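The sequence shown runs 261 to 445 under our numbering.
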Amino acid sequence: MTAVALVALVACRPAGAEPARRDAAERPAGWTQLAPIAAAAAAAAQAEGVTIDAVDAWGEPALGCYAVWLALHGGTTGAPALADQVLGSFRDAARTRDGAERTRVGAAAAAGSQAAISLDEVVKPSEPEGMLAFSFARPPYRGRVRAQLGGGRVTAVACFGNQREPAVCEATCTRVLQGTAQGAP
């Protein structure tokens with residue numbers, strides 16, 4: 261269940277074919293479809309026992325604003341345990357990426373790139389189905405996640421931006437995330 265975390269941390273990375281889309285959250289006006297990010301999310305979510313139902317990504321790269329929507333399922337895990345998995349995946353993805361960077365560019369250069377991911381404003385569901393909400397930061401990105409969880413299913417939106425136009429990204433992300441919360445079952 262690491263797709264949201266990996267995509268938010270990696271942002272754009274080269275990827276293959278565009279994954280299937282269905283019932284995605286509404287794309288913000290003026291934002292363009294970002295197939296490479298959607299494909300990266302699909303690739304990151306691939307795991308034994310996990311089926312990716314749909315994934316989509318959009319952004320306004322000139323402003324530094326991005327969003328990823330995904331739906332996946334596997335097993336019958338309830339919302340509290342899924343919330344722990346999602347939150348853990350953010351922390352694990354940060355450690356994995358830092359390790360890869362240290363290996364690739366050397367310890368001296370990586371010393372400045374070891375920025376840990378911080379999670380704030382965490383609201384976890386306590387019922388078998390519910391909404392997980394939190395904000396995250398890993399410089400230069402800041403964002404928020406809303407995920408409907410339960411019965412082994414995750415439907416999530418991560419919306420994030422860098423320092424270029426933080427107020428514009430935040431306003432747009434608020435609308436995207438409100439739409440997700442209103443559309444939750």
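Yeah, the Cβ is synthetic: ideal placement off N, Cα and C, and Gly gets one too. In this text, all values refer to a predicted model and were calculated from it rather than measured experimentally.
Secondary structure within the region 275-326: the alpha helix (DSSP H) runs of 4 or more consecutive residues, fully enclosed, are 295-305 (chain order). Here the alpha carbons of residue 296 and residue 332 stand approximately 18 Å from one another.
Residue pairing of residue 417 in beta bridges, as defined by DSSP: 329, 406.
Burial is judged here by how many other beta carbons sit within 10 angstroms of a residue's own beta carbon; residue 320 has at least 16 and is buried.
Taking a C-beta distance under 9 Å as the contact criterion, residue 336 and residue 345 do not qualify as a contact pair. Under the DSSP assignment, residue 424 falls outside any beta strand (DSSP E); it carries neither an H nor an E label.
Between residue 414 and residue 288 the beta-carbon gap is near 22 Å, outside 8 Å, which marks them as no contact. The beta carbon of residue 429 lies closer than 7 Å to those of 323, 324, 325, 421 in the same chain, with the five residues before and after it left out. Selection 393, 427, 388 evaluated against residue 411 yields 388 as nearest (Cα-Cα).
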